[in-house]
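4 protein chains.
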Amino acid sequence: MRLKVGIAGATGYAGIELIRLLGNHPEAEVVLAGTESYVGQELAAVYPHLAGHLSLPGRAATPEALADECDVVFTALPHGVPMKLAPAVLGAGKKLIDLGADFRLRDTAAFETWYQHKHEAADLMSEAVYGLPELYRAEIRGARLVGNPGCYPTACALAAAPLLKAGVVESRGIIFDAKSGVSGAGRGLSLGVHFSEVTENFKAYNIAGGHRHTPEIEQTLSDLAGEPVVITFTPHLVPMVRGILATGYFQLTAERSTDELLALFREFYAGEPFVRVRPAGDLPQTKQVSGSNYCDIGLQVDRRTGRVLVIAVIDNLVKGAAGQAIQNMNLLFGLPETTGLAAAPIYP
Amino acid sequence: MRLKVGIAGATGYAGIELIRLLGNHPEAEVVLAGTESYVGQELAAVYPHLAGHLSLPGRAATPEALADECDVVFTALPHGVPMKLAPAVLGAGKKLIDLGADFRLRDTAAFETWYQHKHEAADLMSEAVYGLPELYRAEIRGARLVGNPGCYPTACALAAAPLLKAGVVESRGIIFDAKSGVSGAGRGLSLGVHFSEVTENFKAYNIAGGHRHTPEIEQTLSDLAGEPVVITFTPHLVPMVRGILATGYFQLTAERSTDELLALFREFYAGEPFVRVRPAGDLPQTKQVSGSNYCDIGLQVDRRTGRVLVIAVIDNLVKGAAGQAIQNMNLLFGLPETTGLAAAPIYP
Amino acid sequence: MRLKVGIAGATGYAGIELIRLLGNHPEAEVVLAGTESYVGQELAAVYPHLAGHLSLPGRAATPEALADECDVVFTALPHGVPMKLAPAVLGAGKKLIDLGADFRLRDTAAFETWYQHKHEAADLMSEAVYGLPELYRAEIRGARLVGNPGCYPTACALAAAPLLKAGVVESRGIIFDAKSGVSGAGRGLSLGVHFSEVTENFKAYNIAGGHRHTPEIEQTLSDLAGEPVVITFTPHLVPMVRGILATGYFQLTAERSTDELLALFREFYAGEPFVRVRPAGDLPQTKQVSGSNYCDIGLQVDRRTGRVLVIAVIDNLVKGAAGQAIQNMNLLFGLPETTGLAAAPIYP
Amino acid sequence: MRLKVGIAGATGYAGIELIRLLGNHPEAEVVLAGTESYVGQELAAVYPHLAGHLSLPGRAATPEALADECDVVFTALPHGVPMKLAPAVLGAGKKLIDLGADFRLRDTAAFETWYQHKHEAADLMSEAVYGLPELYRAEIRGARLVGNPGCYPTACALAAAPLLKAGVVESRGIIFDAKSGVSGAGRGLSLGVHFSEVTENFKAYNIAGGHRHTPEIEQTLSDLAGEPVVITFTPHLVPMVRGILATGYFQLTAERSTDELLALFREFYAGEPFVRVRPAGDLPQTKQVSGSNYCDIGLQVDRRTGRVLVIAVIDNLVKGAAGQAIQNMNLLFGLPETTGLAAAPIYP
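So the sequence lines, in the order shown, correspond to chains A, B, C and D.
192 is the number of the first residue of the first sequence in our numbering; add one for each residue after it.
192 is the number of the first residue of the second sequence in our numbering; add one for each residue after it.
192 is the number of the first residue of the third sequence in our numbering; add one for each residue after it.
192 is the number of the first residue of the fourth sequence in our numbering; add one for each residue after it.
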């Protein structure tokens, strides 16, 4: 019997990406499409690309409906909302994977400081597991509540993990200079996503500790390093729809060659179905993971300055959101981790 | 046992799209990747997005290898080359689907006039079936050689078919004003595909009878109308990668409403898995079929001038090339027509 | 003494393009920047690209202020608003150039039908001159009120004029298949200008008599033909910021060669500073006029169907709006027509 | 009498940008357009956007012709070629501004190491002045040979100068994470500028000491710091035509506020016509300088890590190439520095 899936926030970009990917999933089916803006409308009328793929009207995603009708709920909503839905869903013995920020941080105070929002389910926050399978797979398997990582944090954490775990770089002074496509800003309207303002344009935003993904990255890096890590995180906006590229700068603790470090990465990610370490001299580009759940990683040592640079790319809507959420669902329900996620990237 | 597939021209854009789509096909597997430029190299080294998806070195696509090792051969090559490969493949009892121009036209003289190239397999040309399943499904089923339609002709023929078949429009004076993304020009290098020349630019090219897809469209329309049809075909280049939109202009023979004609289209395409007729007032956009084998069609009557305008959109690399080729393969081998082609479009 | 210029609607795209171009104009200076959204804010704070170029706060564009402080007023506003401002400005002996729709049509009934808006200055409507200098230069010189043409109508009228004037094409059955960049939709927010929805997308909109530029084009073509002309006008949206390309389809009344018709165009536009007729075999692209006031035109006869196709390109914000408005201002004040408009296009 | 200008390499992107900008220059005129590919062809036939702007055939740029016919020569050529032209031009008492790499570095050995090319005019190399007017204005005024800075080095040096000069940051550990539009790669053909490969894609390249602009940036920073500076320089490719954004990371030597440092920048660049320091909280975007000679700079202190981040944007073809070269020409000939460069950026 297939898993009954509810999506709260089904008509945002993460929501319809969930629907696209779950359409390829043999063990799950979407039974409840929650939406605020399109209640009563067929999803395929709102999004014509879905015509013929599902017949499902938008509905209000009430806690009761989600708890009653679904085996697993994905929430793709503004922060503050999932924390209101989670108790009912979990109380009914169902599982919840939040694609937003409510259950990523473990530290309630940090959440409240960075998001300027009181957390109304602090107990669940501490129970929740951070859904980055490459680093927390065992914990995810036994969980009922998953905080699905942010798009930037996914790329940054996977770029840093082998280095910090092996202790070959200093935990101080780490910089992530990150670049994202515009879909990361969602479907809401603002000048910042206006075509004529974005095209032929490139900018930085929320720099120098201004972006809310900063504490999330630091939480994971601190876990890896075994001590508190403070980073500089600098997001930029690229005139493209999909894709994140994170350029990580790390100070080596001792001289290492590019080949040594690539070997370290290959070993660390051996067996991982969604991490592809590129050969020496080959840096990944965002387009080579488009539409897929891959994180591709390349690196190079800068001998002149004793640094190693790591480049990681993901599709922000897949490994950075909906794909990773399904990967987590597979883990929660004991399915093979790649179920529904095996299609190759689309290129060009 | 899965079909053994050979691709001659595997490293062009149509070739790698075949590889992407066949990766989702449960009944077929690529066993021979023919290439000129990358002989001996792993495809996944040439195209990093394929890493982990197949281990297949580029090889010379000799007639012998294709005939020996494959059940079905796709040729995605410049015109003139497939006609040299076809005899051996067919002679060995295998099937061939040409994504190029060698086997689309029935009239050898027309081929030689438009392509300025002597046809060396005129007998096969007359045997070949034109691979537009919505119009020639019965013939395709029994064929061993398929001329897979061009990208523009696919969109134009599907836009025109119900009207001409029903005789509600004049067969004279038809215009197709068509617009294509840049991937239609392939991966070869030229100023015409140079990013800085194409971006923020729009142009027409090969107009007024200058484009080789003209006789191909006319052949199909003549079949439909039961009399020779001469059209005006005007291709344009859009600064995007994938997608074709064809705007067809037809003179109505008598007054008709938009609703009447939409009903005609819905009836004509009833049961077609890959044609989606849009409701009244809803015109299709290229992005809503991106990555998929759909042709979406909308139309509107212009009462002021007695015309009907039909808008058809496809992904030029899928329904306009690789997807349609696989649809044809499914027909040739008695498989369900949608096998391997059921994934939803990717949006946004 | 320099002309004192007021702009009502200074912070929309047409408004800031006026400001950019007037910055190069030796005989004019902007003294009043009217805005609704940014009253009291420096323009250079709203639009950082203008920093250092002017110090001018946004102000409410009241009829009194415009009439008192300006020699000439440009209105770049929604239809219905300029008709409220014009009486005061003209009454004070000043001149007004409306970049919107209020004064383009001569027929009040047509305006009210197409715009669903009562015209409150019908007398001025009939007095106003249509500001397409290549066709109405003499009338513009003596006018005090100019209806500056729409972007599509500029391209379409210039594509058609020599043919209709010479009577070498039929006045029936004319089609304009037109394509515009996104800046034509202005700076307002909607899904239709959302980057993730527009990029890698192409669509038609308001087809089959649904676009308000239709009667405007027909008015000019009727003037040229000396009889009522009804056209089919089909606008499309191109994923680029600037540029319009209009593809015009005309039925020849007798056989003509491409060279003959090009000669006709060259003669018709001889001495025109902003129309460049391309040589045979050379079709214009939008990028070659970007940022400039040019309209570039190419054409080709389709002997197979007895049609001539004319391709015209403009920058919709310049020759399609702000540049043409300044060209009109130059005419109104007896300045050389190219003053402030002589800079070359920006390429690439 | 106007300066007679020769351009060797007139048909590349830097060359035609020189032609566009010199078209606005009242004291200079292009008399010799040197080209390899288009000898004998009118520039306006090669680049239709120039039609009506100049009548000048492409010619071979021989040392003799340049020396005889021009007052000043711009070379926009591959490295190794200008060094062959310079002796004749200078020997004839004329001036030369090289937009390439031959005369930027002072250290012949560094040139030969980074460019793997023997320098044939080492004496001229040491005579040449580095053409970054904001830092080397006095030297430029008296020079006859200018090495016009690279695009990345212009943005990086202007971002770093006030900090290093004031000694408020450490000279060790500086990182420039830089992003460039595609026009920086020129008009030559390669997969790296193929539209379908670049669009919807983002990548890093030549990282970790692999890019030849590294020693050029280090030379300027060493001048500023008064000691050898070694940097990490990471270039990336953005899917847009024009624009560079450099994100500079500097470690503060003592605590400083954003406001203090902005005051430092404003003072350092007081009176500079082409540097615009943005107010606190306002980071520059590439589009706001498009088509202009501006460098816009913003910064923010990251208190959590003791760093200051500086964001600088330029149009790579203007301040990063042709515009800066004209600024240098103005200095060499005692003209007002902004002559021909005063037009506002084009937006959107």
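Backbone N, C-alpha and C fix where the C-beta goes; we use that ideal spot for every residue, glycine too.
- Pro324/C and Ile331/C have their C-alpha atoms spaced approximately 7 Å apart.
- About 6 Å separates the beta carbon of Leu336/A from that of Phe294/A, a gap short enough to meet the 8 Å contact definition.
- As for any alpha helix (DSSP H) of minimum length 4 sitting wholly inside the region 429 to 484 of chain A, the runs are 449 to 459, ordered along the chain.
- Sequence-distant Cβ neighbours of Ala399/A in its own chain, meaning closer than 8 Å and more than five residues away, are Thr423 and Thr425.
- Chain order gives the chain B residues near Leu380/D as Leu380, Ser381, Leu382, Val384 and His385, where near means a beta carbon separation below 9 Å.
- In the displayed model, Tyr321/B falls within a strand according to three-state DSSP.
- Taking one beta carbon from each stretch, the region 438 to 455 of chain C and the region 507 to 518 of chain C have fewer than 3 pairs nearer than 8 Å; the two do not touch.
- Counting only runs of at least 3 residues, the region 311 to 387 of chain B fully encloses the following beta strand (DSSP E) elements, listed from N- to C-terminal order: 336 to 338 and 366 to 371.
- Contact between Ala513/C and Glu208/C holds: CB atoms are separated by about 4 Å, below the 8 Å threshold.
- Shown here for Asp493/C: same chain residues with a beta carbon closer than 8 Å to its own, the five before and five after excluded, namely Val499 and Leu500 in chain order.
- Within the same chain, Cβ atoms closer than 7 Å to the Cβ of Val384/A are found at Val373 and Ala376, the five residues on either side in sequence being excluded.
- Residues of chain A with a Cβ closer than 7 Å to the Cβ of Asp368/D are, in chain order, Asp368 and Thr438.
- Per DSSP, the beta-bridge partners of Lys394/B are Leu428/B.
- Shown here for Ala300/D: not one same chain residue has a beta carbon closer than 7 Å to its own, the five before and five after excluded.
- Within chain C, Val432 have C-beta atoms less than 8 Å from the C-beta of Glu391/A, given in sequence order.
- Between Ile435/D and the set Ala516/D, Leu349/D and Tyr238/D, the nearest pair of CA atoms involves Leu349/D.
- Phe294/A sits in coil when the DSSP states are folded into three classes, being neither helix nor strand.
- Going by DSSP, Lys275/A is part of the alpha helix (DSSP H) stretching over Pro273 to Gly282.
- Per DSSP, Gly206/B lies in no beta strand (DSSP E) segment; the continuous alpha helix (DSSP H) that holds it begins and ends at Tyr204 to Leu213.
- Pairing Phe465/D with Asn484/D gives a Cβ-Cβ distance under 8 Å.
- In the DSSP annotation of this structure, the continuous segment of the alpha helix (DSSP H) that includes Gly514/C starts and ends at Gly514 to Leu523.
- Interface criterion not met: the Cβ of Gln307/B is under 8 Å from no Cβ in chain C.
- Looking at Pro430/A, Ala283/A and Ala292/A, the one whose alpha-carbon comes closest to that of Ala319/A is Ala292/A.
- Ranking Pro248/D, Lys309/D, Cys486/D and Phe459/D by CA distance to the CA of Cys347/D puts Cys486/D first.
- No Cβ of chain D is located within less than 8 Å of the beta carbon of Ala251/A.
- Ser374/D reaches chain C at Pro539, counting residues in chain order whose Cβ is nearer than 8 Å.
- A contact is defined here as three or more CB-CB pairs under 8 Å, and the region 464 to 478 of chain B meets this definition with respect to the region 428 to 448 of chain B.
- Under the three-state reduction of DSSP, Asp506/C is assigned to coil, being neither helix nor strand.
- Bridge partners of Cys486/D according to DSSP: Val466/D and Ile505/D.
- Beta-bridge pairing by DSSP links Val221/A to Val196/A.
- At least 8 Å separates the CB of Ala512/D from every CB of chain C.
- Here Pro419/B has Ser413 as same chain residues with Cβ atoms under 6 Å from its own Cβ, once five neighbours each way along the sequence are excluded.
- Residues of the region 478 to 492 of chain D with a C-beta less than 9 Å from any C-beta of chain C: Lys478, Gln479, Val480, Ser481, Gly482, Ser483, Tyr485 and Asp487, listed in chain order.
- Neighbours of Thr530/B in chain C, taken as residues whose beta carbon is under 7 Å from its own, are absent, since the nearest beta carbon is some 27 Å off.
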